[in-house]
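Sequence order for the protein chains is A and B. Residue numbers are given in numbering that gives the first Met the number 0: position 123 of the first sequence equals residue 122, and the series is strictly consecutive. Residue numbers are given in numbering that gives the first Met the number 0: position 240 of the second sequence equals residue 239, and the series is strictly consecutive. We treat Cβ as the ideally placed atom computed from N, Cα and C, and that holds for glycine.
Protein chains: 2
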Amino acid sequence: MAASILVWAHLDSRARDLIKQTATDDRVHFADRNHPSALDLEKLAEAEVVFGNIPAQLLPTCQKLRWMQLESVGFEYYNNLLGDFPNLTISNLKGMFEWPAVETALAGLLSLGRGLQRLIPAQGEQSWIELAVRPETRVLRGRRVLVLGAGSIGQRMVRLLQAFECETHVFARTSPDADVRTPAELAAHFAGSDVIVCCLPKTPATLRLVSRPLLQSMKSTAVFVNIGRGSVVDEAALIEVLQQRKIGGAVIDVTLTEPLPPGHALWKCPNTVLTQHTGGGYDDELLDKARLFLKNLARYRNGIPVLNRVDLQKGY
Amino acid sequence: MAASILVWAHLDSRARDLIKQTATDDRVHFADRNHPSALDLEKLAEAEVVFGNIPAQLLPTCQKLRWMQLESVGFEYYNNLLGDFPNLTISNLKGMFEWPAVETALAGLLSLGRGLQRLIPAQGEQSWIELAVRPETRVLRGRRVLVLGAGSIGQRMVRLLQAFECETHVFARTSPDADVRTPAELAAHFAGSDVIVCCLPKTPATLRLVSRPLLQSMKSTAVFVNIGRGSVVDEAALIEVLQQRKIGGAVIDVTLTEPLPPGHALWKCPNTVLTQHTGGGYDDELLDKARLFLKNLARYRNGIPVLNRVDLQKGY
Numbered sequence: 000m001a002a003s004i005l006v007w008a009h010l011d012s013r014a015r016d017l018i019k020q021t022a023t024d025d026r027v028h029f030a031d032r033n034h035p036s037a038l039d040l041e042k043l044a045e046a047e048v049v050f051g052n053i054p055a056q057l058l059p060t061c062q063k064l065r066w067m068q069l070e071s072v073g074f075e076y077y078n079n080l081l082g083d084f085p086n087l088t089i090s091n092l093k094g095m096f097e098w099p100a101v102e103t104a105l106a107g108l109l110s111l112g113r114g115l116q117r118l119i120p121a122q123g124e125q126s127w128i129e130l131a132v133r134p135e136t137r138v139l140r141g142r143r144v145l146v147l148g149a150g151s152i153g154q155r156m157v158r159l160l161q162a163f164e165c166e167t168h169v170f171a172r173t174s175p176d177a178d179v180r181t182p183a184e185l186a187a188h189f190a191g192s193d194v195i196v197c198c199l200p201k202t203p204a205t206l207r208l209v210s211r212p213l214l215q216s217m218k219s220t221a222v223f224v225n226i227g228r229g230s231v232v233d234e235a236a237l238i239e240v241l242q243q244r245k246i247g248g249a250v251i252d253v254t255l256t257e258p259l260p261p262g263h264a265l266w267k268c269p270n271t272v273l274t275q276h277t278g279g280g281y282d283d284e285l286l287d288k289a290r291l292f293l294k295n296l297a298r299y300r301n302g303i304p305v306l307n308r309v310d311l312q313k314g315y
Numbered sequence: 000m001a002a003s004i005l006v007w008a009h010l011d012s013r014a015r016d017l018i019k020q021t022a023t024d025d026r027v028h029f030a031d032r033n034h035p036s037a038l039d040l041e042k043l044a045e046a047e048v049v050f051g052n053i054p055a056q057l058l059p060t061c062q063k064l065r066w067m068q069l070e071s072v073g074f075e076y077y078n079n080l081l082g083d084f085p086n087l088t089i090s091n092l093k094g095m096f097e098w099p100a101v102e103t104a105l106a107g108l109l110s111l112g113r114g115l116q117r118l119i120p121a122q123g124e125q126s127w128i129e130l131a132v133r134p135e136t137r138v139l140r141g142r143r144v145l146v147l148g149a150g151s152i153g154q155r156m157v158r159l160l161q162a163f164e165c166e167t168h169v170f171a172r173t174s175p176d177a178d179v180r181t182p183a184e185l186a187a188h189f190a191g192s193d194v195i196v197c198c199l200p201k202t203p204a205t206l207r208l209v210s211r212p213l214l215q216s217m218k219s220t221a222v223f224v225n226i227g228r229g230s231v232v233d234e235a236a237l238i239e240v241l242q243q244r245k246i247g248g249a250v251i252d253v254t255l256t257e258p259l260p261p262g263h264a265l266w267k268c269p270n271t272v273l274t275q276h277t278g279g280g281y282d283d284e285l286l287d288k289a290r291l292f293l294k295n296l297a298r299y300r301n302g303i304p305v306l307n308r309v310d311l312q313k314g315y
């Protein structure tokens, strides 16, 4: 029987065309997620399958919904729905942003070490600053790095850092790949690391896990990188240690408020590279999202469990 | 017997102090290389050992010189001295710039892919450009990369690129590590690669080896990286393909003229990151140069061949 599918995801024409051409046996409706029409909301109420991140407050209207394929890895929007929708399967894009996210983290980290955050603006001014930059350059090679989170992004981060001959440690509460587990171990590693890379998602358990005391314990040369979620960090404390140059610098992809408003203190923190939540992007991103949805749709229609099912109870 | 040593290298106080404290059995004179005094030139004429890159035109005055420890990897300044000083040993800093050079290359390459050459200036303007940048982002992972040169920098580059799961090929005329050797093979790889990283030194054989036809054959999305020497590239042709957007971009550490003068076309080429010959730098650079000199001095005094001897005849 044909499934009733509502597409709520942000897609481009290539991705939409792929879905239209592939899911020909189903009734597919593309909603305007920014300005949903009455018809869009009617189709949502009838949908058995949704592709995209439906606003949590609309979920109670979806009485027939059985499976929602998220257009993100993060599923923090649904954390408080636990138990409300026992028959709903949610799947995410786990692994899809692994490479772009770690490459953005490394681009920022290497740029700070090699002075590109000074060289790139100097290029715009046609100003040769070799002798000013060169004594301040550093190498990542051989540094001691703490990675927070042992998901696919954290694991890839560790493997790449090992190619730079870094000494890597991983914090996670349950993953067998982690060697830092307790608050005491976390504190010791914060104080002893040259680089700390946060790859943690937004969950109640990760809220301000990177606390003021941890940030203040960091080495004066250490760099903090966040490609997880802004909520994981005490942002006011981060701004403080950066402004007071108590740490060496930061690479920040995610912030508490996005877009970051003009005048926000983070814009002007010294030795800080802001990558504006572009960490997950890549040229075929939207097409790959559609491909994964269609792959999972084939499984769903054949009674095979979809890939990347999210367990709201377990979290990360 | 105490050796007469002239230090001509650019050093800081830490590096000078290390030499003074270590070479206590020798007569060490520190010259002012920017404004050499009459005494400096007199000491140079008497020196058995020199640490630093003596201007080639001064070498004929050095009748007692037996060993010159360069303060660089490049030794292009002495290429035309072949045969003039049969008893002179020259050693360089081979391997010392391996990590900073490859990290600068990767910082630039990843910055281009992840949009940091747009995000860093936007940060200065407090402008959130996520949605403009994100669709233009790319990953390095899995790209086909041609590395020109199989010295320590080229070899390290290859190993790091393999951690990014790149398909790597190496051009060199004689190295057993190279799989691209002939002009025809080089042309085929220029046309087929996503990234080309030049790690070649300045020698007569490498002069404009990266020629106009090779540059014009590159893929429209391909990125050219130069951490070798500016002389290896037809710079006018490089500027042309960048300005006309016939290639995807460039990361340029070395140029024909350094410092690059204001108004030079390279400053404003699109999708180009200029790292202003900072590629070799790192915080302990000058101290490490002194350490290698002292290590080689101990070998020299004990009749053991010094490390990193340069063969002017063989070149690279």
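Inset, instruction - For L87 of chain A, collect the residues of the same chain with a Cβ closer than 7 Å to its Cβ; drop the 5 residues on either side in sequence, then sort them by chain order. - result: Non-local C-beta neighbours of L87 of chain A in its own chain, meaning closer than 7 Å and more than five positions away in sequence, comprise L64, R65 and M67, ordered along the chain.
Legend entry - Range covered by the alpha helix (DSSP H) that runs through H28 of chain A: Run containing H28 of chain A: none in the alpha helix (DSSP H); it sits in the beta strand (DSSP E), R26 to F29.
Inset, instruction - Could you check what DSSP says for V305 of chain B in three-state terms: helix, strand or coil? - result: Under the three-state reduction of DSSP, V305 of chain B is assigned to coil, being neither helix nor strand.
Legend entry - Cβ neighbour criterion (16 or more within 10 Å) applied to I152 of chain B: Label assigned to I152 of chain B: buried.
Inset, instruction - Kindly list the residues whose CB is nearer than 8 Å to the CB of A236 of chain B, restricted to its own chain and excluding five residues on each side of it in sequence; keep chain order. - result: Result list for A236 of chain B: S210, R211, L214 and Q215, in chain order.
Legend entry - Reduced DSSP category for V101 of chain A - H, G, I as helix; E, B as strand; rest coil: V101 of chain A: helix per DSSP, three-state reduction.
Inset, instruction - Measure from the alpha carbon of C197 of chain A to the alpha carbon of each residue in A:Q62, A:V222 and A:S174, then state which is nearest. - result: Nearest C-alpha to C197 of chain A: A:V222.
Inset, instruction - With DSSP as the reference, please indicate the residues paired to M67 of chain B in a beta bridge. - result: Beta-bridge pairing links M67 of chain B to B:V49 and B:I89.
Inset, instruction - Keeping to the same chain, check which residues put their C-beta closer than 6 Å to that of L286 of chain A; ignore five residues upstream and five downstream. - result: Listed in chain order, the non-local C-beta contacts of L286 of chain A below 6 Å within the same chain comprise R13 and A14, local neighbours out to five positions each way being set aside.
Inset, instruction - Answer with yes or no whether the minimum CB distance from P261 of chain A to chain B is below 9 Å. - result: So yes, P261 of chain A belongs to the interface.
Legend entry - First through last residue of the alpha helix (DSSP H) which encompasses H188 of chain B: Note, H188 of chain B: alpha helix (DSSP H), P182 to G191.
Legend entry - Reference S71 of chain B, options B:K42, B:G141, B:S90 and B:G82, closest by Cα: Of the candidates B:K42, B:G141, B:S90 and B:G82, the one whose C-alpha sits nearest the C-alpha of S71 of chain B is B:S90.
Inset, instruction - Return the first residue and the last residue of the alpha helix (DSSP H) that T271 of chain A is part of. - result: It is not in any alpha helix (DSSP H) - T271 of chain A instead sits in the beta strand (DSSP E) that spans T271 to L273.
Inset, instruction - Report the three-state DSSP secondary structure of S216 of chain B (helix, strand or coil). - result: Correct three-state label for S216 of chain B: coil.
Inset, instruction - Give the DSSP-derived three-state secondary structure of I251 of chain A in the structure shown. - result: DSSP places I251 of chain A in strand when its eight states are reduced to three.
Inset, instruction - Can you give me the start and stop residues for the alpha helix (DSSP H) that L286 of chain B sits inside? - result: It spans E284 to R300 - the alpha helix (DSSP H) in which L286 of chain B sits, taken as one unbroken run.
Legend entry - Simplified DSSP state of T21 of chain B, which is helix, strand or coil: Note: T21 of chain B maps to helix in three-state DSSP.
Inset, instruction - Please determine, among A:G82, A:Q125 and A:V132, the residue with the shortest C-alpha to C-alpha distance to T103 of chain B. - result: Nearest of A:G82, A:Q125 and A:V132 to T103 of chain B, Cα basis: A:V132.
Inset, instruction - Kindly confirm or deny that the region 158-166 of chain B and the region 112-125 of chain B touch, where touching means at least three C-beta pairs closer than 8 Å. - result: Remark: fewer than three beta-carbon pairs, one from each stretch, lie closer than 8 Å, so the region 158-166 of chain B and the region 112-125 of chain B are not flagged as touching.
Inset, instruction - Put I119 of chain A into one of helix, strand or coil per three-state DSSP. - result: It is helical.
Legend entry - Proximity below 9 Å, CB of D25 of chain A to CB of A1 of chain A: A1 of chain A is positioned such that its CB atom lies closer than 9 Å to that of D25 of chain A.
Inset, instruction - With a threshold of 16 other CB atoms inside 10 Å of the CB of H9 of chain B, please say whether the residue is buried or exposed. - result: Counting C-beta atoms within 10 angstroms of its own C-beta, H9 of chain B has fewer than 16 neighbours from the protein chains shown and is therefore classed as exposed.
Legend entry - Positions along the region 87-110 of chain B whose CB lies within less than 8 Å of some CB in chain A: The region 87-110 of chain B vs chain A, Cβ under 8 Å: W98, P99, E102, T103, L105, A106, G107, L109 and S110.
Legend entry - Nonlocal neighbours in the same chain, by C-beta distance under 7 Å from G248 of chain A, ignoring five residues either side: Same-chain partners within the cutoff: L111, V222, N270 and T271.
Legend entry - CB contact check: K294 of chain B to chain A, cutoff 9 Å: For K294 of chain B, the answer is no, since every Cβ of chain A falls outside 9 Å of its Cβ.
Legend entry - Three-state class that DSSP yields for I238 of chain A in the structure shown: If DSSP states are grouped into helix, strand and coil, I238 of chain A belongs with the helices.
Inset, instruction - Mind reading off the beta-carbon distance from N295 of chain B to L311 of chain B? Whole number of angstroms is fine, and I expect it under 8 Å. - result: By a beta-carbon distance limit of 8 Å, N295 of chain B does not contact L311 of chain B. Their separation comes to about 18 Å.
Inset, instruction - Please report the Cβ distance between V6 of chain A and F50 of chain A, rounded to the nearest whole angstrom; I am assuming they are in contact, meaning their Cβ atoms lie under 8 Å. - result: Contact holds; Cβ gap of about 5 Å.
Inset, instruction - Compare the C-alpha of L255 of chain B against each of B:K93, B:W266 and B:S230 and name the closest. - result: When each option's Cα is compared against that of L255 of chain B, the closest is B:S230.
Legend entry - Buried versus exposed, by CB contacts within 10 Å (16 or more), D252 of chain A: Flag for D252 of chain A reads buried.
Legend entry - Cβ pair A106 of chain B, T220 of chain B closer than 9 Å: No. Outside cutoff.
Legend entry - Residues within the region 116-129 of chain B neighbouring chain A, beta-carbon criterion of under 7 Å: The residues in question are Q116, L118, I119, P120, Q122, G123, Q125, W127, I128 and E129.
Legend entry - Cβ shell of D178 of chain B (< 7 Å), same chain only, five flanking positions each side left out: Answer for D178 of chain B: H168 and V169, listed in chain order.
Inset, instruction - Return the chain-ordered list of same chain residues with a C-beta closer than 8 Å to the C-beta of R290 of chain A, the five sequence neighbours on each side being excluded. - result: So the qualifying residues of the chain are L17.
Inset, instruction - Report the residue from B:D283, B:I303, B:G279 and B:R308 whose alpha carbon sits nearest the alpha carbon of P99 of chain B. - result: The closest CA to that of P99 of chain B, considering only B:D283, B:I303, B:G279 and B:R308, is found on B:G279.
Legend entry - Residue-level contact to chain A via CB, R32 of chain B, 9 Å cutoff: Any Cβ of chain A closer than 9 Å to the Cβ of R32 of chain B would place that residue at the interface, and such an atom is absent.
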